[in-house]
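Shown next, in structure tokens, is the structure this report addresses.
In this note's numbering, the protein residues as written are 80 to 214.
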């Protein structure tokens with residue numbers, strides 16, 4: 080769900096949109112040491128092809144856990160063939176996130192990893208892959 084000032088996933092994202100998002104992150108996470116730098120590091124690793132878009136998305140979801148609006152706003156920067164949905168909250172108040180990849184794989188989050196880390200289960204053509212934990 081995009082805010083009034085955020086572009087929809089189908090709209091062209093501008094540099095101003097990206098800068099506004101980064102400024103929102105910086106302001107919102109200023110009380111969380113290292114969070115803003117971690118976010119920039121994720122973007123740097125993605126740009127340098129050290130991680131792929133799926134890894135970056137999972138890491139951003141972990142970093143922004145508890146901030147569903149920041150997670151949802153991040154989705155507008157994904158390539159058009161990726162989708163990310165927040166379907167609600169689990170009983171501990173953590174976002175239930177689904178990422179759909181271009182090949183139809185569906186990744187679903189949970190927070191049952193060590194120290195509340197998000198874990199991701201993957202379904203590909205009806206098959207389940209083992210859980211992966213991003214921390």
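Ideal placement from N, C-alpha and C gives every residue a C-beta, glycine not left out.
Small disclaimer: the values here were computed from a predicted structure and weren't measured.
C-beta atoms of residue i and residue j nearer than 8 Å
| i | j | result |
| --- | --- | --- |
| residue 148 | residue 169 | no |
| residue 141 | residue 175 | no |
| residue 185 | residue 161 | no |
| residue 132 | residue 122 | no |
Residue range of the alpha helix (DSSP H) that includes residue i
| i | result |
| --- | --- |
| residue 108 | Neither: residue 108 is in no alpha helix (DSSP H) and is coded neither H nor E. |
Residue i, buried or exposed, once every other Cβ within 10 Å from all chains shown has been counted against 16
| i | result |
| --- | --- |
| residue 97 | exposed |
| residue 135 | buried |
| residue 91 | exposed |
| residue 167 | exposed |
| residue 138 | buried |
N-terminal and C-terminal residue of the beta strand (DSSP E) that residue i is part of
| i | result |
| --- | --- |
| residue 185 | 185-189 |
* To do: Any chance you could list the alpha helix (DSSP H) runs of at least 4 consecutive residues sitting entirely within the segment 107-175, in chain order?
  => 114-126, 132-142 and 147-153
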